[in-house]
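Below is one structure, written out as structure tokens, with a few remarks after it.
Numbering (our numbering), first residue to last: 4 to 373.
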């Protein structure tokens with residue numbers, strides 16, 4: 004029995020996502036205490052001493068006139084009385100000192116409040132350049148990464164579960180594309196390969212590998228896929244701006260062999276199935292509702308309906324999930340409601356890849372997984 008992988012993802016790429024400061028601590032500065040002398044220098048005593056200006060006594064010498072005898076009349080001596088000038092010594096005019104008191108401003112610097120160094124520990128992931136590209140890995144959980152040279156991608160190989168390097172130029176050429184750089188994208192690191200629809204050799208290689216690209220699906224139909232018995236409705240969905248329309252091959256009519264029939268999406272987004280021995284169109288919205296899911300579109304890569312958000316509350320709808328053989332959170336759960344642990348199909352790898360965040364049943368010890 005072939006299990007249909009019904010998930011919300013249209014296709015799965017092997018390229019995933021890779022992952023990478025701290026600063027120096029702030030040095031502590033000591034207090035800078037500065038005392039400002041706002042009063043200026045103390046002025047020197049200004050003494051206005053004026054020397055004594057008093058003179059010594061001015062004494063006029065006695066002037067004695069000689070007696071003049073004129074007969075009996077004697078003229079007495081004319082004595083000039085001393086005229087003494089009192090000292091006029093000027094009083095010292097001494098200026099009192101007026102010293103300006105120094106005004107000292109106290110240091111009001113606050114206590115050093117530098118906080119404790121709170122540098123965050125460097126939590127950068129391991130340097131992938133130092134890891135190189137070798138050793139064991141888990142393809143279900145580990146992503147790809149670009150190596151330091153920028154032209155090599157490291158991939159966790161699904162067949163060997165080991166890290167394996169691929170030169171992007173070789174990887175692009177192997178897919179009939181051009182490019183040689185490894186670049187980060189929103190979906191993870193990948194080789195930056197592009198299609199060159201003017202390169203006849205590369206387009207022919209894409210035709211041989213039956214890859215849907217803007218080249219192989221283009222209006223000119225370079226691969227000659229029109230009316231070849233295979234429905235190429237994927238071109239309409241993937242490249243709506245420029246595509247050929249494979250009307251005859253996508254009619255979903257006539258008989259079919261369930262063992263050989265491959266489902267496909269019709270041009271109106273239904274899923275063409277082989278019901279018994281006749282082809283029939285499945286309405287994806289109805290299909291998903293019957294299984295307790297939402298959404299309901301046809302995946303052009305798988306040629307089947309894709310549902311979302313399955314509910315496990317309705318046992319009848321969960322049983323429909325089992326009947327259709329789809330991996331859901333209900334059918335993969337550890338309870339193994341579908342009894343798939345002992346059947347002829349190995350389910351654990353598919354369940355674990357589709358729902359890695361829940362505990363799933365384990366049938367790896369069964370004969371089917373050996």
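All C-beta atoms in this analysis are idealised placements derived from N, C-alpha and C, irrespective of residue type, glycine included.
Here the structure is a predicted model, which means the values were calculated and not measured.
When we look at the beta-carbon of residue i and count the other beta-carbons within 10 Å, is it buried (16 or more) or exposed?
i	result
residue 205	buried
residue 357	buried
residue 370	exposed
residue 309	buried
residue 368	exposed
residue 186	exposed
residue 231	exposed
residue 243	exposed
residue 305	buried
residue 289	exposed
residue 350	buried
residue 147	buried
residue 256	exposed
residue 203	exposed
residue 307	buried
residue 299	buried
Since residue i and residue j should fall inside the 8 Å C-beta cutoff, what is the C-beta to C-beta distance between them, to a whole number of angstroms?
i	j	result
residue 136	residue 150	6 Å
residue 192	residue 156	6 Å
residue 258	residue 280	5 Å
residue 209	residue 219	5 Å
residue 215	residue 189	That belief does not hold up - the Cβ atoms of residue 215 and residue 189 are roughly 22 Å apart, past 8 Å.
residue 339	residue 364	4 Å
Do residue i and residue j have their CB atoms nearer than 8 Å?
i	j	result
residue 248	residue 239	yes
residue 177	residue 194	no
residue 183	residue 171	yes
residue 263	residue 294	no
residue 272	residue 266	no
residue 291	residue 268	no
residue 217	residue 235	no
residue 373	residue 336	no
residue 317	residue 344	no
residue 181	residue 167	no
residue 261	residue 277	yes
residue 233	residue 252	yes
residue 163	residue 138	no
Opposite residue i in the DSSP bridges: which residues?
i	result
residue 170	155
residue 177	Note: residue 177 sits in no beta bridge, so no partner.
residue 139	165
residue 285	274
residue 323	Beta-bridge pairing links residue 323 to no other residue.
residue 301	308
residue 336	363
residue 191	188
residue 258	281
residue 315	Beta-bridge pairing links residue 315 to no other residue.
residue 197	181
residue 149	156
Given 7 Å as the limit, tell me if residue i has its C-beta closer than that to any heavy atom belonging to the ligand ADP.
i	result
residue 261	Absent from the structure shown: the ligand ADP. Ligands present: none.
- Query: Are there three or more Cβ pairs, one per stretch, closer than 8 Å when the stretch 284-299 is compared with the stretch 211-223?
  - Reply: no
- Below 8 Å, can you find three or more Cβ-Cβ pairs linking the stretch 328-337 to the stretch 349-366? yes
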